[in-house]
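Line by line, the protein sequences give chains A and B. Each residue of the first sequence is one higher than the last, beginning at 127 in the numbering used here. Each residue of the second sequence is one higher than the last, beginning at 127 in the numbering used here. Where is the CB? At the ideal position from N, CA and C, for every residue including glycine. See structure below.
2 protein chains.
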Amino acid sequence: MAAPSLQFWFEFASTYSYVAAMRIGALAAKESVTVEWRPFLLGPIFKAQGWDTSPFNLYPAKGRYMWRDVERQCTELGLPFRRPDPFPQSSLMASRVALLGLGESWGEEFCRAMFRAEFADGRNIGEPAVVVEVLRALDMAPEPTLARAQGDDIKASLRAQTEEAQRLGLFGAPSFVADGELFWGNDRLEQALRCAQLGSSMPARMSS
Amino acid sequence: MAAPSLQFWFEFASTYSYVAAMRIGALAAKESVTVEWRPFLLGPIFKAQGWDTSPFNLYPAKGRYMWRDVERQCTELGLPFRRPDPFPQSSLMASRVALLGLGESWGEEFCRAMFRAEFADGRNIGEPAVVVEVLRALDMAPEPTLARAQGDDIKASLRAQTEEAQRLGLFGAPSFVADGELFWGNDRLEQALRCAQLGSSMPARMSS
């Protein structure tokens, strides 16, 4: 039997992706589940639904609630949290660099550092200078790394990744895929990990 | 100090309201929290956001996911589940009768029975005959009860209740209000109960 594994689909601009990214390592290690980090862009997916920004901006009641909810979740988990300004932030460069790093050895650490910069330190990850700083802190030479991250192959990979997200039926972030099942939201991380381990314990799909 | 209490805002057409309604009694009793059942209509709230039906119908990827997720949640909880047809169902009559019953002694039992009719037995609660059947099973005389539920005072109460939901910032169901904090979704029931008990343990609001 293959070792249990879980796909973790996330978007750097997404508040609940931050929470999941900070939790997933320890939880997955405890359950011996391998995590495949999958950055993607929500922009094209929202656009396909007719939205030109985050639904948290389009629907103010939902947005007000989200800010308070994330704050409460972070307090319960002991995670620092600052409301990003602007929101949502441009995650294109961070996602490309992440994709490069995840093909090498420094991707997960880079992802966590970008999330911390944005949601704990209040930095704007849409600014190249912030990505440069994070790379420096990881002892990665910023200029050659950014040049590689903006090569045609990485650009195409990120586009393909976002298209795969759409094919999988993703409509928000974070999402998890385990044993062919899709789970949406930080709240479903534990259930997704159980599914990765147990697979067949999930109920059969209804015919509908 | 007042006994801890929680407002449970629900909509009879809502799948996750069903799950919460089936769980809340035992959980709240264990934590010695009093639950105030608050039926309301999502229709006017959705309409104010520019939606003329459930977002699960408007956004197909979200809808497909929801059906699978509810099915998984119900399996984990040992709850029966059948996908209602049509969806969403007209909950106006059920909500009015519930409001009447919650002012008397039979409201909670009526609410659970309506949810079971819709989501466990596959009945259409928009049909008066189904409401009549549920009332009969509770030993309530259907005709006088329906007549009272359709009196001007109950009609006005349900409108007022839905307006209060909007003022509280509700945008979906189920929602919970405890100690001035709003919680959205069946997933937040446990946290809302903790908040009802502990109140001040919630983090202070960010200034924003």
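Looking at the secondary structure, which residues open and close the alpha helix (DSSP H) in which residue i lies?
{"i": "Val-159 of chain B", "result": "Premise fails: Val-159 of chain B is in no alpha helix (DSSP H) and is neither H nor E."}
{"i": "Ala-263 of chain B", "result": "254 to 263"}
{"i": "Ser-301 of chain B", "result": "Looking at the DSSP string, Ser-301 of chain B is not in any alpha helix (DSSP H); the run it does join, the beta strand (DSSP E), is 301 to 304."}
{"i": "Leu-324 of chain A", "result": "315 to 324"}
{"i": "Gln-287 of chain B", "result": "278 to 293"}
{"i": "Leu-272 of chain A", "result": "268 to 275"}
Work out the CA separation of residue j and residue i for me, nearest whole Å.
{"i": "Ala-139 of chain A", "j": "Arg-149 of chain A", "result": "17 Å"}
{"i": "Gly-227 of chain A", "j": "Val-303 of chain A", "result": "21 Å"}
{"i": "Asp-178 of chain A", "j": "Gly-295 of chain B", "result": "23 Å"}
{"i": "Met-240 of chain A", "j": "Ala-220 of chain A", "result": "7 Å"}
{"i": "Ala-299 of chain B", "j": "Trp-310 of chain B", "result": "7 Å"}
{"i": "Tyr-142 of chain B", "j": "Arg-274 of chain B", "result": "29 Å"}
{"i": "Gly-151 of chain B", "j": "Arg-293 of chain A", "result": "40 Å"}
{"i": "Arg-238 of chain A", "j": "Asp-247 of chain B", "result": "47 Å"}
{"i": "Val-145 of chain B", "j": "Gly-233 of chain A", "result": "39 Å"}
{"i": "Pro-130 of chain B", "j": "Asp-313 of chain B", "result": "20 Å"}
{"i": "Gln-276 of chain B", "j": "Val-223 of chain B", "result": "8 Å"}
{"i": "Ser-334 of chain A", "j": "Arg-208 of chain B", "result": "In this prediction, Ser-334 of chain A has a pLDDT of 43, which is less than 50 and means its spatial position is unreliable; what the coordinates show is noted afterwards. If I take the Cα positions, the gap works out to 10 Å."}
{"i": "Pro-206 of chain B", "j": "Leu-308 of chain B", "result": "28 Å"}
{"i": "Glu-289 of chain B", "j": "Gly-229 of chain B", "result": "19 Å"}
{"i": "Pro-186 of chain B", "j": "Val-257 of chain B", "result": "30 Å"}
{"i": "Ser-82 of chain B", "j": "Ala-147 of chain B", "result": "Beyond the ends of chain B as shown, which are 127 and 334, falls residue 82 of chain B; an answer cannot be given."}
{"i": "Ser-301 of chain A", "j": "Gln-317 of chain A", "result": "12 Å"}
{"i": "Gln-199 of chain B", "j": "Leu-319 of chain A", "result": "15 Å"}
{"i": "Tyr-191 of chain A", "j": "Ala-286 of chain B", "result": "22 Å"}
{"i": "Leu-284 of chain A", "j": "Thr-271 of chain A", "result": "16 Å"}
{"i": "Asp-195 of chain B", "j": "Arg-262 of chain A", "result": "42 Å"}
{"i": "Gln-323 of chain A", "j": "Ser-158 of chain A", "result": "8 Å"}
{"i": "Gly-189 of chain B", "j": "Met-266 of chain A", "result": "43 Å"}
{"i": "Ala-282 of chain A", "j": "Ile-171 of chain A", "result": "17 Å"}
{"i": "Ser-326 of chain B", "j": "Asp-211 of chain A", "result": "Its pLDDT being 46, under 50, Ser-326 of chain B is placed unreliably by the model, and nothing is read from it."}
{"i": "Gly-306 of chain B", "j": "Cys-321 of chain B", "result": "9 Å"}
I think residue i touches residue j, with their Cβ atoms under 8 Å apart; what is that distance to the nearest whole Å?
{"i": "Asn-183 of chain B", "j": "Gln-215 of chain B", "result": "About 12 Å separates the two Cβ atoms, so there is no contact after all."}
{"i": "Leu-351 of chain B", "j": "Ala-154 of chain B", "result": "Nothing about residue 351 of chain B can be reported from this structure: the residues present for chain B run from 127 to 334 only."}
{"i": "Glu-162 of chain B", "j": "Phe-134 of chain B", "result": "7 Å"}
{"i": "Ala-225 of chain B", "j": "Pro-165 of chain B", "result": "The question names Ala, yet the displayed sequence has Leu at residue 225 of chain B. The pair is a contact, with the Cβ atoms about 6 Å apart (cut-off 8 Å)."}
{"i": "Leu-264 of chain B", "j": "Glu-235 of chain B", "result": "6 Å"}
{"i": "Ser-231 of chain B", "j": "Leu-167 of chain B", "result": "With a Cβ gap of about 24 Å, Ser-231 of chain B and Leu-167 of chain B do not count as contacting."}
Determine the extent of the beta strand (DSSP E) in which residue i is found, giving its start and end residues.
{"i": "Ser-131 of chain B", "result": "131 to 136"}
{"i": "Glu-307 of chain B", "result": "307 to 310"}
Quick one: does the C-beta of residue i sit closer than 8 Å to a heavy atom of the ligand FMN?
{"i": "Glu-316 of chain B", "result": "Here there are no bound small molecules, and the ligand FMN is not part of this structure."}
Let me know the beta strand (DSSP E) ranges lying completely inside the segment 159 to 189 of chain B, each 3 residues or longer, listed in chain order. 160 to 165
Pick out the complete beta strand (DSSP E) segments inside the segment 205 to 259 of chain A, 3 residues or longer, and give them in chain order. none
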